[in-house]
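Numbering (the numbering used here), first residue to last: 28 to 371. Cβ coordinates follow ideal geometry from the N, Cα and C atoms, glycine included. In this text the structure is predicted, and so the values were computed from the model without any measurement. For reference, the structure discussed in these notes is given below.
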C-alpha cells in the first residue's frame with residue numbers, strides 16, 4: 028500500500044479525530060504507513076504516550092489553511108501549511124497518497140500547484156460515490172473542483188470516473204451519463220450537448236446518454252458527469268435531504284412504534300450505514316500524479332480511517348495507470364475529437 032500523507036490539521040475536528048483515524052487505519056492495515064503533517068505539539072497530544080508509533084512519522088508544518096480562508100490567498104500567505112507540505116511528500120514520492128478533511132478549495136489549489144497532472148488531463152475533478160437502489164454506487168464527477176467546465180473536461184471526467192468505478196467498485200463496464208434536464212439527445216446547455224456528442228462518439232466507454240438528477244440514485248448510470256458548480260449543489264442538497272429524511276423517519280417511527288423499538292432502531296441503523304459519507308471516508312481528486320483524497324470537513328475518526336484506507340486502495344488498484352490509459356485512448360479518438368472541435 029505504501030505511505031499516505033495525512034493533513035493532520037484539516038477539518039472541524041482536527042487534529043484529534045484526524046490523528047485517531049490515521050492510527051485506526053494503521054491498526055487495520057499492517058502494510059500501511061502514514062505521515063501526520065502539521066503542528067507537532069498539537070499532533071503529539073493525541074498520540075499514545077505522546078510519541079509516534081511504528082509506521083507513523085510526524086512532519087512539521089507551522090501553518091494551517093482554515094476553512095474560511097481564501098484558498099489561493101492562504102497558499103501565498105501561509106507557505107508552510109500542512110496541505111502543501113503533505114502534497115509535497117507525494118510529489119517527492121515519499122508518499123503515494125494524500126488525505127485531508129480541510130479546506131476543499133485549498134486542497135484543489137495546492138494540488139494544482141504542487142502535483143503534475145496525468146498525461147492528457149486538462150483539469151482534475153472530484154469524484155464522489157453516491158448511494159443507489161442497486162447497492163452499487165454511482166460516481167458523480169465533478170462536485171466542486173472545476174466550476175468553469177469546457178466540453179473536453181466533461182468528456183475526460185467521463186473516462187476518468189469510468190476507470191475509477193471499474194477499478195475500485197468492480198463495475199465491469201460502467202455506464203457513463205451526462206447530467207441534463209432531459210434524457211433525449213439535444214437536451215441541456217451547449218456544454219452538455221457538446222459533452223454528449225464527444226462521449227457518444229468515443230468508443231472507449233459505455234455511453235448511457237443524458238440522465239436526469241433522480242437517475243443518479245436509481246442506478247440507471249454508474250458514472251454521471253457535470254460541471255463542479257452543479258455537482259456541488261447536488262452533493263450539498265443530497266446531504267440536506269438525507270439528514271431531513273432521517274430526522275422525519277425517526278420521529279414517525281418513534282410515534283408509531285415507540286421510542287425504544289428495536290425494529291425501528293435496526294431500520295434506522297441500516298439506512299444510516301447505506302447513506303453515511305463516513306463509510307467512503309473521502310472522495311478522490313482525479314487527474315493528478317498521486318492519489319489525492321478530500322474528506323468531509325465534519326469527518327471524525329471513522330471517516331478519516333476510511334479515507335486513509337481508501338487512498339491506499341486507490342494506489343493498490345493502480346487507478347492512475349488505468350486513468351492514464353483511458354485518457355490516452357480518448358486523446359487518440361478522432362471521432363471524439365471531431366465532436367469536441369477546437370476544444371479538443
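Taking Cβ positions, are residue i and residue j nearer each other than 8 Å?
i           : j           : result
residue 88  : residue 109 : yes
residue 207 : residue 353 : no
residue 53  : residue 45  : no
residue 114 : residue 136 : no
residue 31  : residue 64  : no
residue 126 : residue 34  : yes
residue 223 : residue 205 : yes
residue 227 : residue 198 : no
residue 153 : residue 273 : no
residue 142 : residue 316 : yes
residue 106 : residue 130 : no
residue 326 : residue 38  : yes
If you draw a straight line from the alpha carbon of residue i to that of residue j, how long is it in whole angstroms?
i           : j           : result
residue 385 : residue 322 : Missing from the structure shown is residue 385; the chain here goes from 28 to 371 and no further.
residue 254 : residue 283 : 43 Å
residue 181 : residue 170 : 12 Å
residue 81  : residue 74  : 11 Å
residue 145 : residue 128 : 23 Å
residue 92  : residue 264 : 26 Å
residue 355 : residue 203 : 18 Å
residue 41  : residue 314 : 27 Å
residue 124 : residue 279 : 44 Å
residue 232 : residue 104 : 43 Å
residue 270 : residue 175 : 29 Å
residue 195 : residue 243 : 18 Å
residue 161 : residue 245 : 7 Å
residue 211 : residue 235 : 11 Å
residue 77  : residue 68  : 9 Å
residue 84  : residue 341 : 21 Å
residue 183 : residue 217 : 17 Å
residue 58  : residue 332 : 14 Å
residue 330 : residue 362 : 42 Å
residue 155 : residue 370 : 26 Å
Can you round the beta-carbon distance between residue i and residue j to whole angstroms, since I take them to be within the 8 Å contact cut?
i           : j           : result
residue 324 : residue 94  : 6 Å
residue 192 : residue 249 : 5 Å
residue 338 : residue 307 : That pair is no contact at about 11 Å.
residue 220 : residue 213 : 7 Å
residue 366 : residue 147 : In fact, because the Cβ distance is near 16 Å, the residues do not count as touching under 8 Å.
residue 309 : residue 334 : 3 Å
residue 267 : residue 167 : Contact doesn't hold; Cβ gap of about 16 Å is too wide.
residue 251 : residue 165 : 6 Å
residue 138 : residue 260 : The Cβ separation is near 22 Å, so there is no contact.
Where does residue i sit, in a helix, a strand or coil, going by DSSP?
i           : result
residue 313 : strand
residue 107 : coil
residue 91  : coil
residue 176 : coil
residue 125 : strand
residue 206 : strand
residue 169 : coil
residue 307 : coil
residue 63  : strand
residue 118 : helix
residue 144 : strand
Along the alpha helix (DSSP H) that carries residue i, what are the first and last residues, could you check?
i           : result
residue 333 : 328-343
residue 156 : Looking at the DSSP string, residue 156 is not in any alpha helix (DSSP H); the run it does join, the beta strand (DSSP E), is 152-157.
residue 68  : 67-71
residue 245 : 242-245
residue 136 : 131-141
residue 201 : Counting along the chain, residue 201 falls outside any alpha helix (DSSP H), and DSSP gives it neither H nor E.
residue 227 : 217-228
residue 161 : Neither: residue 161 is in no alpha helix (DSSP H) and is coded neither H nor E.
From which residue to which residue does the beta strand (DSSP E) around residue i run?
i           : result
residue 236 : 233-238
residue 34  : 29-34
residue 321 : 318-322
When the cut-off is 8 Å and only beta carbons count, does residue i lie next to chain C?
i          : result
residue 46 : Here chain C cannot be found, since the structure has a single protein chain.
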